[in-house]
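For my numbering, count along the sequence shown from 1 and bump the result up by 230.
Below: one structure, written as structure tokens.
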Amino acid sequence: MQDLRHVESSLRFAGVFAVLMLLPTGFLAYQALTTVRSEELSLDADLRARARGVATSIYADVEEIFGRFEQVALARLDAGGSPSVNPRELSPYLRAAFKFDGSGKLVAPFALPRRAPLAQPSPAWRRDARAAQQLELREPFRAAGAWRAVERESVRPGLRAEAVLGQVRAHMAARRFGAAKQAATRLAEEFPGVRGRHGFLMSTVGAFKVNEIAMRLAQRRGRGSDEARDAMEDLVVDLLSVRQWEIGQPGEAALAREAIRLLSGRSEREWLAARRSQLNRQVEQLQWAARVLHELDGVYYRVPAERQFRYLGANAGSAAVWALVRVSEDVFAFSFSIDDLRDELDTAVRRRSEAEPDLTARLRVIGEPPEGAFAVRSLGPWLPLVSLVVQPSDLEALRVSNNRRRTVRVGVVLTAVFVLVVGAYLVARMIALEVDGARQRADFAANVSHELRSPITQIRLKGEALQLGLAQPGPDMQEHFDAIVRESERLSRLVDNVLDFAAIERGAKRYHLRPDDPVPVVVAAVESARSSFEALGVAVVMELPEDLPPLWIDREALGQVLTNLLSNAAKYGAEGRYVRVAVEPREDGVEICVQDRGRGIGPDEQESVFDDFFRSSDPMVRRQKGTGIGLAIVRYIVEAHGGTIRVESAPGRGASFIITLPFEPPDGAGEPA
Ligand code: ADP
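Set out below in structure tokens:
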């Protein structure tokens, strides 16, 4: 009963164990894996958020650049100022500002180039002009005449004007300033709007020469003539501020530069500096206008709403980003340098990338794939074709380190789970063994009580019959006495076995081995079992050797071995009606074999028959009374003699238990007990 309760509690323990160990293990593993995953996601999300932060701050830079520009530009327009006077004041990236009137005509700061081709001289004219030019150096007195001849030959006004200019130069080289001035005046007055071969407006060149000569004459006379200088200054102002330059024609700029050079040392220093920088700014704008001329053409047709800035996307070939705004009738087109903007953005991007070493930002022209991008931000409306891409500095390294981290963590979790599961398995196995042992012990207790009952009952019945005088004197009475003796023997065998087994389990069983002949022991055991065999109709055959050297044995224990084996042969082998007991000498010992022809033992059970409490699971076998300790005791005794025991059997063909005992004494044998 106690054992059964033990079994029950073991089972309960196993259930509790599963609930307390395996479920939490599974739960913890699940939690750990989801934590790994969510940490990974949060690292990723964090990097993406930082990438977005970088993109937003660079976007804010761009917004700031153009926001400031719009504010300053509108303020200047509202104040009636010209946006093209100093574009850099509106924005450091602004290269030029253009003004269109209501009809879409470019009115400031430059005019579109006129299509009229410049005069191309004939080869004859060229030759004569070259000859006249050479005379200017060698014989200046004759040069003026030569130029006059060229003038007469020229039909086109541009070429004629150049010939007049040649006369001016020749007279000056010959120091005939009066004649030079006269020719220059003629040049200034007779050729309005005419350009020479090199694009110069000849009348302006004439005016310049008149002033130059006047200044020379004044210098020669030794008194500084304010009049000549003032006239030259007026010309400079006219060239810089009044005259509308033509895109692609640098003539006015060149004349203005020359005039300023002549005035240096004569005019006021500040005035000169102001004109010089005005000239430089204008030249810069003129060059820029020539560069973006083809873009300028279409700009006007994208006119925005009043006071609303509109940005035109730079396309692959363009150098400029255009901002358009309309103020009443006029339309202003502001032209920014893409290169300058890009440089500025590159700097901003680099600055941010330095602050965020994990991230790299770059500018992307539309169409490029944003591979691996963590944040993409279009820079519209200002730079509609450019967007900003922020990505991890080293995508591959990031991927590798993520993978490594994941592998390590998942590995740790799986190892922990593995260890726990293996531990759980081992504990469960131990519990199963315990449960099994408990069940065997429970069976054993039941079997022993069962075994004890039948001899005791027999002895009591026969004894009572004798006491009451129920048995007839003679054979009947003798049969009663025999039965009492037989059952007592059986009882004492059983008790011996149980006590021996208990002693063996405790480790308290000792055997007293001395050299002796085993044959008489075998014969005695067979003889005492013979009557039981005969009652079952089993023939017992003995094969004994003639002569045998003595063996180291404990007679009583060896007798117990044989009694157990013979009792098994009677219980499980009786149907074969034949039992053979053989003693045979071998090379280094003696073999004792107990063979029957009964049901035999299956190969799967042959291993276990010598285990404590083992009983076959075959119901036919189980019908026989037994405790499962007989063969365990046999093996123990044989091993205590330094021998071995094995079973040879095939199901249905009987079993042979073969004991081998050595001639040599086992360790410790023969010592006084
Ligand atoms: P018990 O006989 O009390 O059951 P044993 O230890 O003597 O215990 O035997 C163990 C088991 O070995 C038996 O239950 C039986 O199944 C098997 N066995 C032993 N001897 C024989 C035999 N001669 N033939 C067939 N089976 C046997």
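Virtual Cβ for every residue (Gly too), placed ideally from N, Cα, C.
If you're wondering where the values come from, they're calculated on a predicted model, not measured in any experiment.
Check: Beta carbon of Gly429, beta carbon of Glu392: below 8 Å?
Finding: no
Next item on the list: Check whether the Cβ atoms of Ile734 and Ile888 lie closer than 8 Å to each other.
Entry: no
Checklist line | Ser433 versus Val472: straight-line alpha-carbon distance, rounded | finding: 15 Å
Notebook entry, point to check: Hey, Ala591 and Val620 are a contact pair by Cβ (cut 8 Å); roughly how many whole angstroms apart?
Noted result: 5 Å
Margin query: Please tell me whether, using a cut-off of 7 Å, the distance from the CB of Gly860 to the nearest non-hydrogen atom of the ligand ADP is below it.
Written below: yes
Check: Lys329 by DSSP, collapsed to three states: which one?
Finding: strand
Margin query: Using only CA atoms, which one of Ser631, Leu795, Ala338, Pro254 lies nearest to Gly858?
Written below: Leu795
Notebook entry, point to check: What does DSSP give as the partner residues of Tyr808 in its beta bridges?
Noted result: Ala769
Notebook entry, point to check: Got a sec: does the ligand ADP put a non-hydrogen atom nearer than 7 Å to the Cβ of Phe844?
Noted result: yes
Margin query: Out of Gly873, Tyr802, Arg556, which one is the CA nearest neighbour of Pro881?
Written below: Tyr802
Notebook entry, point to check: Quick one: Cα of Ser312 to Cα of Gln479, how far?
Noted result: 22 Å
Item checked: Extent of the continuous beta strand (DSSP E) to which Ser507 belongs -> No beta strand (DSSP E) holds Ser507; the alpha helix (DSSP H) holding it covers 499-521.
Check: Just reading off the alpha helix (DSSP H) that Pro254 is part of, what are its end residues?
Finding: 253-308
Checklist line | Enclosing alpha helix (DSSP H) for Ala984 [first to last residue] | finding: The structure shown does not extend to residue 984, since the chain is modelled only from 231 through 903, so no value can be given for it.
Note to self: For Asp570, would you say it is in contact with chain D, using Cβ-to-Cβ distances shorter than 8 Å as the test?
What the structure shows: The structure shown contains no chain D, having only a single protein chain.
Checklist line | Alpha carbon of Val385 to alpha carbon of Ala354, nearest angstrom | finding: 13 Å
Item checked: Which residues DSSP lists as bridging Tyr541, in chain order -> Ala553
Notebook entry, point to check: Between the stretch 362-371 and the stretch 607-615, do three or more beta carbon pairs fall short of 8 Å?
Noted result: no
Notebook entry, point to check: Is Gln702 helix, strand or coil when you go by DSSP?
Noted result: coil
Check: Would His401 pass as a contact of Ala418 if the rule is Cβ separation under 8 Å?
Finding: no
Notebook entry, point to check: Is Gln836 helix, strand or coil by DSSP?
Noted result: helix
Item checked: Pairwise C-alpha distance: Leu258 and Ala885 -> 55 Å
Next item on the list: Label Gln515 either buried or exposed according to how many other C-beta atoms from any shown protein chain fall within 10 Å of its C-beta, with 16 as the threshold for buried.
Entry: buried
Note to self: Measuring only the C-alpha atoms, how far is Val292 from Ser548?
What the structure shows: 19 Å
Next item on the list: Report all residues from its chain with a CB closer than 8 Å to the CB of Ile490; omit the five preceding and five following residues, and keep chain order.
Entry: Val466, Leu502, Arg505, Arg506, Leu509
Check: Exposed or buried, which one is Asn798 when buried takes at least 16 other CB atoms within 10 Å?
Finding: buried
Margin query: So, does the stretch 660-675 touch the stretch 833-852, judging by three or more C-beta pairs under 8 Å?
Written below: yes
Margin query: Give me, in chain order, the residues of the same chain whose beta-carbon lies closer than 6 Å to that of Pro370; leave out the 5 immediate sequence neighbours on both sides.
Written below: Ala400, Ala403, Ala404
Check: What is the rounded straight-line gap between the Cα of Glu601 and the Cα of Arg280?
Finding: 18 Å
Next item on the list: Leaving aside the five residues before and after Leu470 along the sequence, list all residues of the same chain whose C-beta is less than 7 Å from its C-beta, in chain order.
Entry: Ala486, Arg505, Gln508, Leu509, Gln512
Next item on the list: State the beta-bridge partners of Ser608 as determined by DSSP.
Entry: Ser617
Check: Using a threshold of 7 Å, is the CB atom of Tyr802 nearer than that to any non-hydrogen atom of the ligand FAD?
Finding: Inclusion of the ligand FAD in the displayed structure is not the case, the ligand content consisting of the ligand ADP alone.
Check: In its own chain, which residues sit with a C-beta less than 6 Å from the C-beta of Phe648, not counting the 5 before and 5 after it?
Finding: none
Margin query: Looking at Met172: is its Cβ nearer than 8 Å to the Cβ of Val791?
Written below: Nothing can be reported for residue 172, as the shown portion of the chain is limited to 231 through 903.
Margin query: Which complete alpha helix (DSSP H) runs does the stretch 688-765 hold, if anything under 4 residues is left out?
Written below: 705-736
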